[in-house]
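Letter by letter, the sequence shown follows residues 25 to 475 in this note's numbering. To start, the structure itself, in structure tokens.
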Amino acid sequence: MPIIIATIVLASAQIVSANDSDGDGTDDQYDDFPHDPCADTDTDGDGLPDTVVSGCTSNSIVAYTSFEDPFTNGAKYYDTGNKSVSRHLWNNANEPHVSHNKSTGDEMGFTLYYTSTGGVGLTDGDFFGTANYTGTVGNFTEGAQGYQMGDVDGTTTLSLDSVAADSMSLDIFVQGGSSNSYEASDNLIIRFVGSTSTVELVNVTGATGTGNNGGFATYMGVWTSFSSDISSQGIGNLEIEFTSNSQTESVYIDNVAFTSTSQLVEDTDDDNDGWDDVDENSCGTDPLDSNEIPIDSNGNGVCDAIEGDDFDGDGIPNDSDPDDDNDGYDDEYDAFPLDPTEWDDADGDGIGSNADTDDDGDGWSDSEEVDCMTEPSSAFSVPDDSDGDGICDIVDADDDNDMVNDENDCAPFDASISELDCDGVCGGNNTVDECGICGGSGISEGACDCD
């Protein structure tokens with residue numbers, strides 16, 4: 025059972041299954057945030073959750089490693105370099121990994137630096153790096169592996185990738201017993217070196233005398249959990265520095281986690297197509313499908329379905345445009361707001377005045393009214409047509425339709441009187457017959473020749 029050096033209090037207890045690390049009900053293999061119970065889905069993979077559980081305040085893991093990636097390939101690591109030169113140590117084929125460059129997967133990367141103290145270092149082959157054997161530790165606290173640092177014959181510093189977080193935690197197991205002594209020259213330091221300051225979690229040394237392990241004694245033979253607030257340290261690295269010179273002196277590390285108390289920010293664009301989820305719902309497209317993009321004809325960032333059409337293409341949607349067809353007449357005064365060739369309908373017959381041949385609907389075409397000198401757009405201005413033959417009097421050569429042109433007709437608007445008779449008086453019984461011979465009474469010789 026691990027000794028708990030510091031405890032993190034969660035808002036509520038959670039039942040965590042082997043396949044659901046954060047206990048949010050979604051198996052890790054399907055959970056985009058396997059260590060955060062506040063979210064589980066990130067459709068576009070941008071690191072922001074599609075949704076965040078309302079009121080969820082538990083800490084979220086921002087970086088971690090339990091040294092599962094990569095798996096160890098052997099038991100002992102042999103340093104093939106110069107044991108007297110301080111330097112970074114790198115992996116050898118078919119040997120435990122002492123360093124790891126993060127390229128895929130979720131776990132953090134780490135590097136190992138060797139500082140020579142005049143000993144043989146790791147050139148003699150030592151149990152060092154990622155380890156999956158459990159004879160000493162019983163079981164690792166997370167997964168099937170951990171990281172072992174043993175019989176350094178010098179000083180090694182394991183440094184994890186840089187991270188910014190609010191808190192950190194890790195588990196360590198110190199190998200040894202009453203018959204194994206950590207000397208005064210042996211040292212274990214665990215610290216977080218931040219950009220603004222350093223936090224030290226452990227700094228112990230051995231002691232003089234057989235069986236006197238000094239500060240190591242507290243942690244020997246049992247897994248111990250450490251945690252610390254690092255919110256004020258800025259971005260930095262976890263470093264584990266170990267100095268020893270005996271094969272029975274080993275430290276195991278597992279379950280390193282960096283957490284943040286900052287609440288997750290919900291992703292407002294789940295499919296990363298540049299359109300807000302709320303807008304996509306309003307526009308009728310799928311906010312989880314990047315292939316479905318709202319139509320925005322005028323490119324103003326508001327989809328057509330929300331703002332409506334833009335008939336004249338001036339960038340102002342019809343709902344906001346005072347002149348939808350851009351014909352110079354505001355819609356409220358335009359009888360045809362979506363027809364740039366029409367704006368007036370004088371007679372209300374549904375045909376614009378520009379196309380209508382009879383603007384005022386008085387039965388006279390506009391061209392006829394122009395010829396007849398009446399107003400084409402006023403139904404109250406109608407041409408006179410005395411004989412009703414469809415030709416206005418101004419244009420009609422025979423206004424009374426008596427077959428005698430007006431210029432020869434003494435009564436051009438009376439079809440019963442056709443011309444001036446022989447007595448010089450319009451009308452009466454004296455007329456000129458078709459043969460031009462006067463007849464009847466009251467013949468005026470001066471008017472015509474009656475012989």
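Every residue gets a Cβ at the ideal spot worked out from N, C-alpha and C, and that includes glycine. Here the structure is a predicted model, which means the values were calculated and not measured.
In angstroms, rounded to a whole number, what distance separates the CA positions of residue i and residue j?
i      : j      : result
Gly159 : Asn125 : 28 angstroms
Met192 : Ala241 : 24 angstroms
Asp368 : Ser314 : 46 angstroms
Asn115 : Phe152 : 11 angstroms
Asp295 : Val302 : 12 angstroms
Phe271 : Gln199 : Phe is not the amino acid found at residue 271; the sequence shown has Gln there. The straight-line gap from Cα to Cα measures roughly 10 angstroms.
Asn43  : Ala281 : 18 angstroms
Asp24  : Ala439 : Residue 24 lies beyond the range of the chain shown here (25 to 475); nothing can be said about it.
Cys446 : Asp426 : Caution applies to Cys446, whose pLDDT of 40 falls short of 50 and renders its modelled position unreliable; the model cannot decide the point.
Val76  : Val223 : 32 angstroms
Trp388 : Gly339 : 42 angstroms
Tyr138 : Ser90  : 22 angstroms
Gly260 : Ser219 : 6 angstroms
Pro58  : Ala87  : 12 angstroms
Pro26  : Trp247 : Low confidence applies to Pro26: its pLDDT is 48, below 50, so where it sits in the model is not reliable, and the reading given next is rough at best. Taking the straight line joining both Cα atoms gives about 4 angstroms.
Asn378 : Phe360 : 11 angstroms
Asn106 : Ala188 : 35 angstroms
Thr67  : Tyr54  : 11 angstroms
Asp349 : Thr381 : 23 angstroms
Asp253 : Pro311 : 38 angstroms
Asp103 : Thr154 : 15 angstroms
Asn453 : Ile418 : Here the model assigns Asn453 a pLDDT of 47, short of 50, so the residue's position is not dependable, and the following value carries that caveat. Roughly 31 angstroms separates the two Cα atoms.
Asp328 : Ser78  : 32 angstroms
Arg215 : Glu263 : 5 angstroms
Glu2   : Gly308 : The structure shown does not extend to residue 2, since the chain spans only 25 to 475, so no value can be given for it.
Ser221 : Leu212 : 20 angstroms
Asp64  : Asp93  : 22 angstroms
Val275 : Gly325 : 59 angstroms
Ile375 : Tyr357 : 16 angstroms
State the start and end residues of the unbroken beta strand (DSSP E) segment that holds residue i.
i      : result
Ile330 : That residue, Ile330, is in no beta strand (DSSP E); its alpha helix (DSSP H) goes 328 to 331.
Val275 : 274 to 284
Asp253 : 247 to 253
Leu113 : 111 to 113
Going by DSSP, name the residue or residues bridged to residue i.
i      : result
Gly218 : Gly260
Thr154 : Tyr171
Asn211 : Thr229, Thr267
Tyr101 : Asp150
Phe492 : Since the first and last residues shown for the chain are 25 and 475, residue 492 lies out of range.
Gly178 : Ser268
Thr160 : According to DSSP, which records beta bridges pairwise, Thr160 is partnered with nothing at all.
Thr139 : Thr179
Glu356 : Glu356 is not bridged to any residue.
Asp310 : Beta-bridge pairing links Asp310 to no other residue.
Glu224 : Arg215
Met244 : Val198
Would you call residue i buried or exposed, if buried means 16 or more other Cβ atoms sit within 10 Å of its Cβ?
i      : result
Glu431 : exposed
Ile319 : exposed
Ala208 : exposed
Glu273 : buried
Tyr101 : buried
Ala117 : exposed
Gly230 : buried
Ile441 : buried
Phe164 : buried
Glu304 : buried
Asp278 : buried
So residue i is in the alpha helix (DSSP H); what residue range does that whole segment cover?
i      : result
Asp301 : 301 to 307
Asp195 : Careful: Asp195 lies outside any alpha helix (DSSP H), inside the beta strand (DSSP E) at 191 to 198.
Val480 : The requested residue 480 does not occur in the structure, where the chain is confined to residues 25 to 475.
Val394 : 390 to 395
Contact check, residue i vs residue j under 8 angstroms by CB: the rounded distance?
i      : j      : result
Gly184 : Tyr171 : This sequence places Leu at residue 184; Gly is not what is there. With 8 angstroms as the limit, Leu184 and Tyr171 do not qualify as a contact, their Cβ atoms being about 10 angstroms apart.
Val289 : Leu113 : In fact, because the Cβ distance is near 40 angstroms, the residues do not count as touching under 8 angstroms.
Phe266 : Met173 : 5 angstroms
Pro400 : Asp390 : 4 angstroms
Pro61  : Asp51  : Incorrect: roughly 13 angstroms between the Cβ atoms, too far for contact.
Ala437 : Asp420 : Note that residue 437 corresponds to Phe in the displayed sequence, not to Ala. At roughly 10 angstroms, the Cβ-Cβ gap does not stay under 8 angstroms, so Phe437 and Asp420 are not in contact.
Ser140 : Gly178 : 5 angstroms
Closer than 6 angstroms to a non-hydrogen atom of the ligand HEM - does that hold for the CB of residue i?
i      : result
Asp347 : For the ligand HEM, the structure offers nothing, since it holds no ligand at all.
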